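Residues in the sequence shown are numbered from 75 upward in steps of one, following my numbering.
In this text, a Cβ means the ideal position worked out from N, Cα and C, and glycines have one as well.
Predicted model, so just to flag it, every value in this text is computed and none were measured.
Report on the structure given below.
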Amino acid sequence: MATNRTFTMLKPDSVENGYIGAILEKISAAGFRIAAMKMTQMTVSDAKAFYAVHSERPFYGELVEFMSSGPIVAAILEKNNAVEDFRVLIGATNPADAAEGTIRKLYASSMGENAVHGSDSDENAAIEGAFHFSGREIF
Ligand code: UDP
Ligand code: MG
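So, in structure tokens, the structure goes:
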């Protein structure tokens with residue numbers, strides 16, 4: 075059953091390129107309510123833990139290095155059918171394959187530096203949200 079929350083990160087490329095405002099505007103215009111948000115930076119060990127599910131994949135080292143390379147904006151977003159609707163809003167992992175108007179099509183530069191994270195299931199949304207936020211930071 076779908077819950078109503080997902081977890082996102084505006085990745086280091088989005089922050090570096092000055093896209094925080096534009097991406098948050100897209101998220102807001104798509105009807106998501108911000109339940110939690112902060113700017114933070116993951117350490118190498120944070121990024122390893124966050125992406126542990128990908129530890130056997132060939133891109134893991136590069137992904138960990140990139141995701142710990144600079145500040146991110148982490149957020150918990152609320153909307154009916156949040157996980158699925160947010161995946162549609164961000165578009166395909168590779169921006170070259172992302173649909174017109176999606177966040178990755180508009181703001182991502184490559185498969186690795188692809189602007190935003192979006193949870194892939196309700197279960198992972200809850201795990202990922204709890205990774206970054208304490209109960210007192212979620213509204
Ligand atoms: N990634 C990569 N190369 C790949 C696949 C993924 O660099 O071939 C990176 C990319 O930043 C992606 C992240 O690893 O967002 C997690 O991969 P996943 O397959 O979960 O894609 P997502 O759920 O982010 O679309
Ligand atoms: Mg994923």
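Where residue i falls: helix, strand or coil (DSSP)
i: residue 136; result: helix
i: residue 203; result: helix
i: residue 112; result: strand
i: residue 79; result: strand
i: residue 211; result: helix
i: residue 216; result: As displayed, the chain neither begins before 75 nor continues past 213, which places residue 216 out of reach and without an answer.
i: residue 96; result: helix
i: residue 143; result: coil
i: residue 197; result: helix
i: residue 126; result: helix
Endpoints, the beta strand (DSSP E) within which residue i is located
i: residue 104; result: Segment: none, residue 104 is in no beta strand (DSSP E) and carries neither H nor E.
i: residue 148; result: 146-152
i: residue 190; result: 190-192
Straight-line Cα distance separating residue j from residue i
i: residue 193; j: residue 186; result: 16 Å
i: residue 158; j: residue 195; result: 8 Å
i: residue 161; j: residue 179; result: 13 Å
i: residue 107; j: residue 142; result: 26 Å
i: residue 109; j: residue 170; result: 31 Å
i: residue 136; j: residue 156; result: 28 Å
i: residue 148; j: residue 126; result: 18 Å
i: residue 199; j: residue 84; result: 15 Å
i: residue 188; j: residue 168; result: 7 Å
i: residue 96; j: residue 129; result: 32 Å
i: residue 211; j: residue 205; result: 12 Å
Extent of the continuous alpha helix (DSSP H) run through residue i
i: residue 162; result: 156-164
i: residue 179; result: 177-181
i: residue 90; result: 86-90
Residue-level contact to chain B via CB, residue i, 8 Å cutoff
i: residue 207; result: Among the protein chains of the structure shown there is no chain B, as only one such chain exists.
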